[in-house]
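Residue numbers (our numbering), protein chains in the order written: chain A, 1 to 529; chain B, 1001 to 1141. First up is the structure itself, then whatever we jot down about it.
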Amino acid sequence: MSMKDLTPTRRQLLSAIGTSAGSVAAMQAMVALGHAAESQFTGPPTLSGARKGETVLVLGAGLAGLVAAYELTKAGYKVQVLEFQGRPGGRNWSLRGGDTYTEVGGAVQKVQFQPGNYLNPGPWRIPHHHKTLLHYCREFGVALEPFIQMNHNSYVHQTDAFDGKPMRYKEVATDFKGHVAELLSKAINVGSLDDKVSGEDKERLLEAMRAWGALDKDMAYASSLKVSGQRGYDRAPGGGVEGAPTPSQISSLSDVLDSKVWNQMGFFFNYVMQTTMFQPVGGMDMIGKAFARHVDHLITYNAKVVQIDQSATGVAVTYQDTASGATATAKADWCVCCIPATILGQIPMQVNDAMKASLKAVNYSASVKTGLEFKRRFWEEDESIYGGHSFTNQPISLISYPNYHYFKSGPAVLLGSNAGGLGGSLLAGMEPAARLEAILAQGEIIHPQYRQEFMNGVSVAWARVPWNMGGNSRWSDDARKQHYQNMVAMDGRIVLAGEHASYIGGWMEGALTSSIDAITRLHQRAQEA
Amino acid sequence: MNKQKFALQTALVALAVAGVSVPATADAPGAGGTQALGPETGEQVYRQICQACHMADGKGASGAGTFPALAENPRLASPVYPIIVVTRGKGGMPWFSNALSPAKVAAVITYVRTHFGNHFTTPVTEADVKKFGSPAPVIDH
Ligand SMILES: Cc1cc2nc3c(=O)[nH]c(=O)nc-3n(C[C@H](O)[C@H](O)[C@H](O)COP(=O)(O)OP(=O)(O)OC[C@H]3O[C@@H](n4cnc5c(N)ncnc54)[C@H](O)[C@@H]3O)c2cc1C
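Next up, the structure:
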């Protein structure tokens, strides 16, 4: 018996610890063994004992502001929230039939979706490791369902690959992997890697390439039933007399390289893009609404913050009623400011210059998301695509299929664009009707059914969202180094929070974790004051 | 031998390329990438990029915040300020040094400085942009 046999496996150890000492110990042990350190979340804040009558102003009723209001109220503070819009949630938002959306510049869109259909213009997917967000969903009973991130049967499309024909992901990904495996094994076999890989490892690598690449006995990647077992068949297996499958033809290395499918393969490896992902049943705004059930009575809506002052004893925030234009001033002992940096950077605020500079240093990127309603689910009925994304190098960037009400007859809404970068700017600069036309023209290249089945659509260009004027924050490495700590440091009686004040920018988790950290420090300072 | 060497190179290139796909830190549009669009002239750059925020007439617009007017804007008198803003970004104004070459940045600033009621006729050059502008910021996290 070797030493190895006596050493318990990691799994045995963990289950022993888990059953004997409870899950906290198991968790700590897992972290020590290099597992599960995937979130800084260790539980909701447990603030308590606020001084009687102590007050906090929260600016912005996005998730950062809502969680601040919720937890500070629990801690005993008297909270008032000022919100520019007439609804809670901020970027946590869904559009449904009957809604009206007016973008910067004044263009108005009336959403015409059938009941039950919706577009999530902003956040739409929740990674399994965003534990803070998942905690509140659990606490408030927000029902979650799977968000299909990876779909082997959706399309990969490049205008200059395969004569512009969309290809199924499983075909090009299998072919890419097969060709690379064949080439690597050739390189090993002619001795090209002798100075880098030992004899034993060479054998193992060859074995890996054969299995991974679905290579044949001669280590070649070639059309066969075995390869079709991954990329799909010409005639799929069936029953009875004609049951035998026939193989499909692989594509050449050069064609596969044109498809740039490694982009998709790499995308699915991203930490924040990995499965399992979730979405709230009925629309993303279920989360903001769930918070609002607890704090709605604290929120002053249609209140545009225009100035933020502080003294040694308190804060005074001037705001304008967006309907009447009348201004008023709200006062409190403390302020948690959760307004996006795009806008806050333009509001006169009595804080130190370093904090002000940080608001100009953080940058934003904006995408254009579009909901298209079609008469029927042709992607399901004609093409066996259930959820997931088809990727294209056209400005729309992708088409994403609804992850709910599968197989239902009647109208359904898909995501017709999630355009970033230059494609996003291009579409954002159009008026909604022209934008919709461009999005349909690009989409019909992937799904020729588009024109026949189209009913209506609504597009949200984040650059032109009046209360955000940008999409998600992004920090360059240099700006982060110079300015981030200045942004998050509390200045007197004011502390900033929001996704921009986190290392999880562009995610709801960042908004929540930033806010929880901010109110924890605020509470500490209030206790000391 | 040549053929084998070629095969090896191809394999390594393929593997190397497979490794460089951009990490998605924020919620990203996805992996398709956007095909190179062809804004060439200053006017095309303005129409395809800038008017999303500064509006088709250059007059800007407001919501909870403001997209400043570029029309009749005295701050464009010196080319240095717009070069810095366009290449480095500023709050809600994104940087474009990753997407636009210095020549295109020069072209669009020249366009803006001579249209929308602005009459700053000295052209901005590629050399000006290289001198006063910032290189594309790096984002690793
Ligand atoms: C296109 C897109 C896709 C995204 N996808 C995902 C995703 O899949 N998963 C995910 O987890 N996250 C995603 N996000 C990110 C997520 O939406 C944000 O990180 C999060 O919702 C931000 O919350 P916040 O409270 O920081 O800001 P916000 O939600 O923006 O809240 C700020 C609030 O301040 C208000 N306000 C603004 N100006 C003023 C003023 N002057 N006075 C008073 N109030 C004001 C606004 O109306 C708003 O309600 C996405 C975002 C976008 C734009």
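For every residue, glycine included, the Cβ atom is placed at its ideal position computed from N, Cα and C.
With H, G and I counted as helix, E and B as strand and the rest as coil, what does DSSP make of MET286 of chain A?
The residue given as residue 286 of chain A occupies position 286 in the first sequence. If DSSP states are grouped into helix, strand and coil, MET286 of chain A belongs with the helices.
Per DSSP, ASP321 of chain A forms a beta bridge with which residues?
Position 321 of the first sequence, counting from 1, holds the residue named residue 321 of chain A. In DSSP, ASP321 of chain A forms a bridge with A:ALA303.
Could you pull out every unbroken alpha helix (DSSP H) segment of at least 4 residues lying fully inside the stretch 339-378 of chain A, listed in chain order?
Every unbroken stretch of the alpha helix (DSSP H) spanning 4 or more residues and falling wholly within the stretch 339-378 of chain A is given here in chain order: 341-344, 353-361.
Minimum C-alpha distance to GLY410 of chain A - residue among A:ILE399, A:PHE454, A:THR132:
As a first step, residue 410 of chain A is located in the first sequence; it is residue number 410 there, counting from the start. Cα-wise, what sits closest to GLY410 of chain A is A:PHE454.
Could you tell me whether the stretch 1047-1059 of chain B touches the stretch 373-387 of chain A, where touching means 3 or more Cβ pairs closer than 8 Å?
Short answer: they don't touch.
For LEU134 of chain A, does the count of other Cβ atoms within 10 angstroms reach 16, so buried, or fall short, so exposed?
Start at 1 with the first residue of the first sequence, and residue 134 of chain A comes out as number 134. Burial check for LEU134 of chain A: the Cβ neighbour count within 10 Å reaches 16 or more, so the residue is buried.
Selection from A:ASN403, A:ARG293, A:GLY106 that minimises the alpha carbon distance to ARG377 of chain A:
On the first sequence, residue 377 of chain A is found 377 positions in, with the first residue counted as 1. Of A:ASN403, A:ARG293, A:GLY106, the residue nearest in Cα terms is A:ASN403.
If we call anything under 8 Å between Cβ atoms a contact, is LEU82 of chain A one with VAL317 of chain A?
Reading the first sequence from its first residue, position 82 is the one you call residue 82 of chain A. Reading the first sequence from its first residue, position 317 is the one you call residue 317 of chain A. When the beta-carbon positions are compared, LEU82 of chain A and VAL317 of chain A come within less than 8 Å of each other.
State the start and end residues of the unbroken beta strand (DSSP E) segment that holds VAL336 of chain A.
Indexing the first sequence from 1 puts residue 336 of chain A at position 336. Its beta strand (DSSP E) spans residues 334-337.
Classification of ARG293 of chain A by the beta-carbon crowding that lies within 10 angstroms, buried from 16 upward
By 1-based counting over the first sequence, the position of residue 293 of chain A is 293. Looking at its Cβ environment, which holds fewer than 16 other Cβ atoms inside 10 Å, ARG293 of chain A is exposed.
Does the Cβ of ALA518 of chain A have 16 or more other Cβ atoms within 10 Å, making it buried, or fewer, making it exposed?
Sequence index remark: in the first sequence, residue 518 of chain A carries index 518 (1-based). Buried: at least 16 other Cβ atoms inside 10 Å.
Any chance the CB of ILE1084 of chain B is under 7 Å from a heavy atom of ligand 1?
Sequence index remark: in the second sequence, residue 1084 of chain B carries index 84 (1-based). Checking every heavy atom of ligand 1 against the Cβ of ILE1084 of chain B, none is found closer than 7 Å.
Which chain B residues sit within Cβ distance under 7 Å of SER476 of chain A?
As a position in the first sequence, residue 476 of chain A is number 476, starting the count at 1. SER476 of chain A reaches chain B at PRO1137, VAL1138, ILE1139, counting residues in chain order whose Cβ is nearer than 7 Å.
Can you tell me where the alpha helix (DSSP H) with GLY266 of chain A in it begins and where it stops?
As a working mapping, residue 266 of chain A is identified with position 266 in the first sequence. Going by DSSP, GLY266 of chain A is part of the alpha helix (DSSP H) stretching over 262-267.
Three or more C-beta pairs below 8 Å linking the stretch 359-375 of chain A and the stretch 318-334 of chain A
Two segments are said to touch when three or more pairs of C-beta atoms, one from each, lie closer than 8 Å; by this definition the stretch 359-375 of chain A does not touch the stretch 318-334 of chain A.
Close-in-space but distant-in-sequence residues of the same chain around ALA236 of chain A (CB under 7 Å, 5 per side omitted):
Within the first sequence, the letter at position 236 stands for residue 236 of chain A. Within its own chain, the residues whose Cβ lies closer than 7 Å to the Cβ of ALA236 of chain A, once the five positions on either side in sequence are excluded, are PRO245, listed in chain order.
I'd like the list of long-range same chain contacts for ALA1103 of chain B, defined as Cβ closer than 7 Å, with 5 residues on each side in sequence excluded.
Here residue 1103 of chain B refers to the residue found at position 103 when the second sequence is read from its first residue. Excluding positions up to five away in sequence, the list reads GLU1126.
Which value, in whole angstroms, describes the spacing of the CA atoms of PRO1137 of chain B and TYR484 of chain A?
For the purposes of this step, residue 1137 of chain B is taken as the residue at position 137 of the second sequence. For the purposes of this step, residue 484 of chain A is taken as the residue at position 484 of the first sequence. Roughly 15 Å separates the two Cα atoms.
Can you list, in chain order, the residues of its chain whose CB lies under 6 Å from that of ASN531 of chain A, leaving out five sequence neighbours each side?
In the structure as shown, chain A starts at 1 and stops at 529, and residue 531 of chain A therefore has no counterpart that could be examined.
Any chain B beta carbon closer than 8 Å to LYS304 of chain A:
Counting from 1 along the first sequence, the entry for residue 304 of chain A is found at position 304. At a cut-off of 8 Å between C-beta atoms, LYS304 of chain A counts as an interface residue with respect to chain B.
Apart from the five residues on each side of it in sequence, which residues of its chain come closer than 6 Å, Cβ to Cβ, to PHE140 of chain A?
For the purposes of this step, residue 140 of chain A is taken as the residue at position 140 of the first sequence. Cβ neighbours of PHE140 of chain A within its own chain (closer than 6 Å, five residues either side excluded): ALA290.
Counterpart residues of GLY89 of chain A in DSSP-defined beta bridges
Here the question's residue 89 of chain A lines up with position 89 in the first sequence. Bridge partners of GLY89 of chain A: A:GLY62.
Using the Cα positions of VAL351 of chain A and ASP333 of chain A, report the straight-line distance between them to the nearest angstrom.
The residue you call residue 351 of chain A lines up with position 351 of the first sequence. The residue you call residue 333 of chain A lines up with position 333 of the first sequence. Answer to the nearest angstrom: the Cα atoms are 15 Å apart.
Excluding sequence positions up to five away, which residues of its chain have a Cβ less than 8 Å from the Cβ of MET284 of chain A?
Along the first sequence, read from residue 1 onward, the residue named residue 284 of chain A stands at position 284. ASN92, TRP93, SER94, ASN120, GLY122, PRO123, TRP124, listed in sequence order.
Which chain B residues are close to TRP93 of chain A, counting only those with a beta carbon under 7 Å from its beta carbon?
Locating residue 93 of chain A in the first sequence gives position 93, counting from the first residue. Neighbours of TRP93 of chain A on chain B: none; closest Cβ ~14 Å, over 7 Å.
Can you list, in chain order, the residues of its chain whose CB lies under 8 Å from that of ILE347 of chain A, leaving out five sequence neighbours each side?
Counting from one through the first sequence, the residue named residue 347 of chain A turns up at place 347. So the qualifying residues of the chain are VAL305, VAL306, GLN307, ILE308, ILE339.
Could you tell me whether the Cβ of THR989 of chain B comes closer than 8 Å to any Cβ of chain A?
No answer is possible for residue 989 of chain B: it lies beyond the span of chain B, which begins at 1001 and ends at 1141.
Give a yes or no on whether the C-beta atoms belonging to GLU509 of chain A and THR132 of chain A are separated by under 8 Å.
Your numbering for residue 509 of chain A matches position 509 in the first sequence. Your numbering for residue 132 of chain A matches position 132 in the first sequence. Note that the C-beta distance between GLU509 of chain A and THR132 of chain A is below 8 Å.
Taking Cβ-Cβ distances shorter than 7 Å, what residues in chain B pair up with GLY470 of chain A?
Along the first sequence, read from residue 1 onward, the residue named residue 470 of chain A stands at position 470. Ordered by position in chain B, the residues that pass the 7 Å Cβ test against GLY470 of chain A are GLY1092.
CB contact below 8 Å: VAL1125 of chain B versus chain A
Taking the first residue of the second sequence as position 1, residue 1125 of chain B is located at position 125. Reading off the sequence shown, one finds Thr at residue 1125 of chain B, where the question assumed Val. THR1125 of chain B does not count as touching chain A.
Examine ligand 1 and report whether any of its heavy atoms sits within less than 7 Å of the Cβ of ARG293 of chain A.
On the first sequence, position 293 is the one that residue 293 of chain A refers to. For ligand 1, not one heavy atom lies less than 7 Å from the Cβ of ARG293 of chain A.
Classification of GLN442 of chain A by the beta-carbon crowding that lies within 10 angstroms, buried from 16 upward:
Within the first sequence, the letter at position 442 stands for residue 442 of chain A. Buried is the call here.
8 Å is my cut-off, CB to CB: does LEU522 of chain A come that close to chain B?
As a first step, residue 522 of chain A must be located in the first sequence, where it is residue number 522. Taking Cβ atoms only, chain B never reaches closer than 8 Å to LEU522 of chain A, which makes this a no.
Whole-number beta carbon distance between ALA68 of chain A and VAL58 of chain A, since they are thought to touch under 8 Å:
Within the first sequence, residue 58 of chain A is the residue found at index 58, counting from 1. Within the first sequence, residue 68 of chain A is the residue found at index 68, counting from 1. The Cβ separation is near 5 Å, so the contact holds.
From GLY53 of chain A to TYR319 of chain A, what does the alpha carbon distance come to, in whole angstroms?
The residue you call residue 53 of chain A lines up with position 53 of the first sequence. The residue you call residue 319 of chain A lines up with position 319 of the first sequence. The C-alpha of GLY53 of chain A lies about 23 Å from the C-alpha of TYR319 of chain A.
What does DSSP give as the partner residues of HIS389 of chain A in its beta bridges?
The sequence position of residue 389 of chain A within the first sequence is 389, counting from 1. According to DSSP, HIS389 of chain A bridges with A:SER400.
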